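One rule links them: number in the working numbering = place in the sequence shown (from 1) + 47. Glycine included, C-beta positions come from ideal geometry on N, C-alpha and C. Quick caveat: nothing in here was measured; it's all calculated off a predicted structure.
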Amino acid sequence: MPRLLTLCLLAVSAFTIWPALAAKVEVKELQQGLDHPWALAFLPENQGILITERSGQLRRWQQGKGISKPIAGVPAVWAQRQGGLLDVALAPDFSQNRHLYLTWTEADSSGRAGAVVGYGVLSNDMTRLNDFKVILRQQPPLSSGANLGSRIVFDNQGYLYVTFGDNFQAASAQDLAALSGKVVRLNADGTVPPDNPFVGKQGARGEIWSYGMRNPQGIAWNPWTQEIWENEHGPRGGDEVNILRKGENYGWPLATWGIDYSGDKVPGSEGGTASGTLQPAFWWKVSPALSGMTFYTHSRFPEWKNSLFIGALKDKSLIHLTVKGEQVTEKERLLADRGERIRDVRQGPDGYLYVLTDESDGKLLQVGLAE
48 MPRLLTLCLL
58 AVSAFTIWPA
68 LAAKVEVKEL
78 QQGLDHPWAL
88 AFLPENQGIL
98 ITERSGQLRR
108 WQQGKGISKP
118 IAGVPAVWAQ
128 RQGGLLDVAL
138 APDFSQNRHL
148 YLTWTEADSS
158 GRAGAVVGYG
168 VLSNDMTRLN
178 DFKVILRQQP
188 PLSSGANLGS
198 RIVFDNQGYL
208 YVTFGDNFQA
218 ASAQDLAALS
228 GKVVRLNADG
238 TVPPDNPFVG
248 KQGARGEIWS
258 YGMRNPQGIA
268 WNPWTQEIWE
278 NEHGPRGGDE
288 VNILRKGENY
298 GWPLATWGID
308 YSGDKVPGSE
318 GGTASGTLQP
328 AFWWKVSPAL
338 SGMTFYTHSR
348 FPEWKNSLFI
358 GALKDKSLIH
368 LTVKGEQVTE
378 KERLLADRGE
388 RIRDVRQGPD
398 GYLYVLTDES
408 DGKLLQVGLA
418 E
């Protein structure tokens, strides 16, 4: 079957919202009162969960103890519109060096903002980040507070991937001299791996791994295919899930299945496809406003085998997709009855899903199936 026809057939499922199996799902509210929480990461040895709040706080949640005071040593953030303290991730060798990575936003003297990534050393008592170091700033900063990204993930070889939004400057996503609308790949210390696709190429940033992204809001390591998957917001429609490949162009704004906010064609777009660009693995005609995502690999809930979970901000639900190789199918929407914006979802070491709601009274939820 021709690839374009296959993609179109797969996309049909994106137009159907399957009802959530609400009777099977069990939700526990573990914490309330969070200030627009953005990301979470699990500490080893059942030491709790680190949570970022967009207004600039990093906290630790522990079972039976609740949420901590803000951890000291976090960099100052530019917390306006979509900006602030964003993602958090532990180094793969955290148990040896205690390196903790953050992304956040800064603004220059003109008020233009961009995302930043750095790391510090988490103290043994987990009250402070020491020796914090910036390893990359999104240059040039172009944003007035929209389409900033920014998620981070390590692969199984210890490389760090960082997503940068297009800063609402669509053409910049095709400009290899700019870091907007890109996914970058770094060594853990922030240096550039020599096998990155644009190293040594004139007019291109060596950090870039792939380009043509609009506003990447989720990134995860696929344990079955050993590849990085990413999701991003389209404009009006055209939210998509992509399988990231070295040096590839994912099309924005040349190729998009969405339309402009005005209802017209996206300026510069050639339609859903464009020569030299890769198609998404899955896309939505109506944007759910995607956010954090996680692959489900635990044996606790066999019904979730081969699943990908993605939070939805506008549609206020947890999207459950099934994955077979590179074929993605939407199965159901969970938590829609709660009416809360889902900002992040991660699989916990215990096999439950842990979810953050993006509200002024944000919550940490534990989600599972009735056993």
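Beta carbon of residue i nearer than 8 Å to that of residue j
{"i": "Thr344", "j": "Gln394", "result": "yes"}
{"i": "Val375", "j": "Ile389", "result": "no"}
{"i": "Thr150", "j": "Ala138", "result": "no"}
{"i": "Ala235", "j": "Thr341", "result": "no"}
{"i": "Ile118", "j": "Gln78", "result": "no"}
{"i": "Asn177", "j": "Val164", "result": "no"}
{"i": "Trp125", "j": "Asp391", "result": "no"}
{"i": "Tyr258", "j": "Lys229", "result": "yes"}
{"i": "Asp311", "j": "Pro282", "result": "no"}
Given residue i as reference, the closest of the options once Cα atoms are compared
{"i": "Glu377", "options": "Leu368, Tyr258 and Leu325", "result": "Leu368"}
{"i": "Gln413", "options": "Leu382, Gly386 and Glu406", "result": "Leu382"}
{"i": "Ala328", "options": "Leu355, Trp351, Phe201 and Ala417", "result": "Leu355"}
{"i": "Lys361", "options": "Tyr297, Leu77 and Asp286", "result": "Asp286"}
{"i": "Arg175", "options": "Leu133, Ala302, Trp276 and Arg107", "result": "Arg107"}
{"i": "Ala359", "options": "Arg380, Ile98, Gly103 and Lys371", "result": "Arg380"}
Proximity test, Cβ basis, 8 Å: residue i and chain C
{"i": "Ala217", "result": "No chain C appears in this structure, which consists of one protein chain only."}
Cβ-heavy atom distance, residue i to the ligand FAD, below 7 Å
{"i": "Pro241", "result": "As for the ligand FAD, it is missing from this structure, which has no ligand bound."}
Three-state class that DSSP yields for residue i in the structure shown
{"i": "Gln249", "result": "coil"}
{"i": "Pro84", "result": "strand"}
{"i": "Ser338", "result": "strand"}
{"i": "Trp331", "result": "strand"}
{"i": "Asp134", "result": "strand"}
{"i": "Glu373", "result": "coil"}
{"i": "Ser219", "result": "helix"}
{"i": "Glu92", "result": "coil"}
{"i": "Phe348", "result": "coil"}
{"i": "Asp286", "result": "strand"}
{"i": "Asn144", "result": "helix"}
{"i": "Arg385", "result": "helix"}
{"i": "Asn214", "result": "coil"}
Per DSSP, cross-strand counterpart(s) of residue i
{"i": "Arg175", "result": "Ala119"}
{"i": "Ala126", "result": "According to DSSP, which records beta bridges pairwise, Ala126 is partnered with nothing at all."}
{"i": "Glu379", "result": "His367"}
{"i": "Asn269", "result": "Glu274"}
{"i": "Thr152", "result": "Ala162"}
{"i": "Arg232", "result": "Tyr208"}
Indicate whether the contact test is met: 3 or more Cβ pairs, each with one atom in the segment 311-318 and one in the segment 247-256, closer than 8 Å. no
For this session: Please determine if the segment 262-279 and the segment 233-248 are in contact, where contact requires at least 3 C-beta pairs separated by less than 8 Å.
Result: no
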